[in-house]
DNA sequence: ACACTTCTTGCAATGATTGCAAGATGGACC
DNA sequence: GGTCCATCTTGCAATCATTGCAAGAAGTGT
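Chains as they are written, first to last, in full-length UniProt numbering: chain S, 1 to 203; chain P, 1 to 203.
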């Protein structure tokens, strides 16, 4: 990698990390960050695509946390059904612990006109696919083990993940429909129960 | 209502409607709209809270369309299960026909610091509650008729609606995970099937 | 006509974003 | 070393939504 790129990126990340420590995204200006990093504002766009992209990068470690969370779910000694159930729980834990990252994964914004923005967006999408593949595998496993009905694993995994996003996303609605942590757990539990046992009465 | 309020609102709505006819939200500036309406830019904030709020108001009729769509689902002569199934379908149709409104209902943005913005946000939330109540009623009906298992109707309705939001929202992702109309229909069908019959194999 | 409330307006300021052109720098090659 | 070239960086201007505020205008009631 070009040493200039490396220097600029690191200076920005370091400065941004410090500033984001005690202030929220909208309380810190790009001017301030760039000044603290000793770099031009434009460099933020060159390397991270947007303010949000820079912020994302500073919390990039959270993606590792994401993986760590989800690793908890897919441990080998759980049955497939258990894995799916705990995937939902761990996803919620991840979202509550790292709301910005959850929102970037679940509800990404337009990446802007800089190459760096689009690159970041696709990296995040890859992360989602990665988790989705594990879910697919769990579903496949469940079907193979006879624990689950025969469904399309890909379709089911995507639908499940998207449904979780919709439910968990209620936590950050700005209106009266916002749900708090406890309500979310209830909702997600209800959803999981629904998906497992179905809504229809036994025939 | 103060006649000044009425005049200003109508002038803005008329001008905005015209300009939004052949250009998208981000292609029309507030300066332009205010100039066309012969009012100050600030009036947009006084009455609609934000540019998005003004846009919302111009497509307000779409909310009637929303109701019309959803009315199709909850007709009396359908059974509760049928009603729920078609509620999902109609919600998708509504979202595809009126993406901006769907997004304002499903994923509202911060309403901004003007009173008008918060008012609009709560009106939209009320609209959601209204539809949610119908879903609750359908679920109650299904349980009463013995067609559905005994679940918490409120919890289930909210979870269902939020899940639909997550799935339908995939249509407007800016990244590689976007799903097109056909895929959405498939996904939603899969989700509905999942919710109805459950994922677990018959014991 | 007078007072009072409520709207409207104009203006300045902030801050993200975009586009661009000029300058600086690192690496490859002689 | 010196030269060339691709790539970064920078600075700057411009756009645009948003916010805050203060002065002016217009209803409303007395």
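The C-beta atom is built at its ideal place from N, Cα and C for all residues, glycine as well.
For clarity, every value in this text was computed on a predicted model and none was experimentally measured.
Residue 108(P) versus residue 173(S) - alpha carbon distance: Reading the second chain from its first residue, position 108 is the one you call residue 108(P). Reading the first chain from its first residue, position 173 is the one you call residue 173(S). Those two C-alpha atoms are separated by around 7 Å.
Sorted by chain position, which residues of the same chain lie with C-beta nearer than 6 Å to residue 282(P)'s C-beta, five sequence neighbours on each side aside? Shown here, chain P extends from 1 to 203; a query on residue 282(P) therefore has no answer.
Counting only C-beta atoms, is residue 196(S) closer than 8 Å to chain P at any point? As a first step, residue 196(S) is located in the first chain; it is residue number 196 there, counting from the start. Taking CB atoms only, residue 196(S) has a neighbour in chain P less than 8 Å away.
Distance between beta carbons of residue 36(S) and residue 15(S), contact taken as under 8 Å: As a working note, residue 15(S) is residue 15 in the first chain. As a working note, residue 36(S) is residue 36 in the first chain. That pair is a contact at about 4 Å.
Which class does residue 199(S) belong to by DSSP, given the choice of helix, strand or coil? In the first chain, residue 199(S) corresponds to position 199, counting from 1. Coil, per DSSP.
If you follow the alpha helix (DSSP H) that residue 20(S) is in, where does it begin and where does it stop? For the purposes of this step, residue 20(S) is identified with residue 20 of the first chain, where counting begins at 1. Taken as a continuous stretch (DSSP letters only), the alpha helix (DSSP H) holding residue 20(S) covers 3-22.
Would you say the region 145-160 of chain S touches the region 112-131 of chain P, given that touching needs at least three Cβ pairs under 8 Å? Taking a contact to require three or more Cβ pairs closer than 8 Å, the region 145-160 of chain S and the region 112-131 of chain P do not qualify as touching.
With 16 other Cβ atoms within 10 Å as the buried cut-off, status of residue 42(S): Walking along the first chain from the start, residue 42(S) turns up at place 42. Its Cβ having fewer than 16 others within 10 Å, residue 42(S) is exposed.
Below 7 Å CB to CB, which residues in the same chain sit around residue 124(P) once its five sequence neighbours on both sides are set aside? Start at 1 with the first residue of the second chain, and residue 124(P) comes out as number 124. Excluding its 5 nearest sequence neighbours in each direction, residue 124(P) has C-beta neighbours in its own chain below 7 Å: 104, 105, 108, listed in chain order.
Since residue 138(P) and residue 83(P) should fall inside the 8 Å C-beta cutoff, what is the C-beta to C-beta distance between them, to a whole number of angstroms? Taking the second chain and counting its residues from 1, the one referred to as residue 138(P) is at position 138. Taking the second chain and counting its residues from 1, the one referred to as residue 83(P) is at position 83. That belief holds up - the Cβ atoms of residue 138(P) and residue 83(P) are roughly 4 Å apart, short of 8 Å.
Those residues which DSSP pairs with residue 148(P) across a bridge: Sequence index remark: in the second chain, residue 148(P) carries index 148 (1-based). The partner list for residue 148(P) (beta bridge, DSSP) reads 200(S).
Pull up the distance between the alpha-carbon of residue 67(P) and that of residue 164(S), whole angstroms please. Against the second chain, residue 67(P) aligns to sequence position 67. Against the first chain, residue 164(S) aligns to sequence position 164. The straight-line gap separating the alpha-carbon atoms of residue 67(P) and residue 164(S) is approximately 26 Å.
Coil, strand or helix - residue 185(P) by DSSP: Here residue 185(P) corresponds to residue number 185 of the second chain, with the count starting at 1. Shown here, residue 185(P) sits in a helix according to DSSP, grouped into three states.
Sequence-distant residues of its chain with Cβ nearer than 7 Å to residue 169(S) (five each side left out): As a position in the first chain, residue 169(S) is number 169, starting the count at 1. Taken in chain order, the residues that qualify are 106, 107.
Taking 8 Å as the CB-CB cut-off, is residue 13(P) touching chain S? Start at 1 with the first residue of the second chain, and residue 13(P) comes out as number 13. No, no contact with chain S.
Residues of the region 67-100 of chain P with Cβ closer than 9 Å to any Cβ of chain S, in chain order: Residues passing the 9 Å Cβ filter: 81, 84.
Output, in chain order, the set of chain S residues within a Cβ distance shorter than 8 Å of residue 121(P). Mapped onto the second chain, residue 121(P) falls at position 121. Here the neighbours are 174, 175.
Distance, residue 1(S) Cα to residue 54(S) Cα: Counted from its first residue, the first chain places residue 54(S) at position 54. Counted from its first residue, the first chain places residue 1(S) at position 1. Spanning the two alpha carbons is a distance of roughly 19 Å.
Interface residues of chain S facing residue 108(P) [CB-CB closer than 7 Å]: Residue numbering aside, residue 108(P) sits at position 108 when the second chain is read from its first letter. Chain S residues near residue 108(P): 173, 174, 175.
Span separating the alpha-carbon of residue 162(S) from that of residue 189(S): Counted from its first residue, the first chain places residue 162(S) at position 162. Counted from its first residue, the first chain places residue 189(S) at position 189. Our two residues, residue 162(S) and residue 189(S), have alpha carbons roughly 16 Å apart in a direct line.
Contact the region 11-26 of chain P vs the region 182-199 of chain S: 3+ CB pairs below 8 Å: No: fewer than three Cβ pairs fall under 8 Å.
Under a three-way DSSP split, which group does residue 123(S) fall into? Numbered from 1 along the first chain, position 123 holds the residue referred to as residue 123(S). Here residue 123(S) carries a helix assignment [DSSP, helix/strand/coil].
Taking its Cβ as the centre, do 16 or more other Cβ atoms sit within 10 Å of residue 6(P), making it buried, or is it exposed? Counted from its first residue, the second chain places residue 6(P) at position 6. Residue 6(P) comes out exposed.
Comparing the C-beta of residue 153(P) with each C-beta of chain S, is any distance below 8 Å? Numbered from its first residue, the second chain carries residue 153(P) at position 153. No, residue 153(P) lies away from the interface with chain S (no Cβ there is under 8 Å from its Cβ).
Below 6 Å CB to CB, which residues in the same chain sit around residue 8(P) once its five sequence neighbours on both sides are set aside? Walking along the second chain from the start, residue 8(P) turns up at place 8. Hits under 6 Å: 39, 43.
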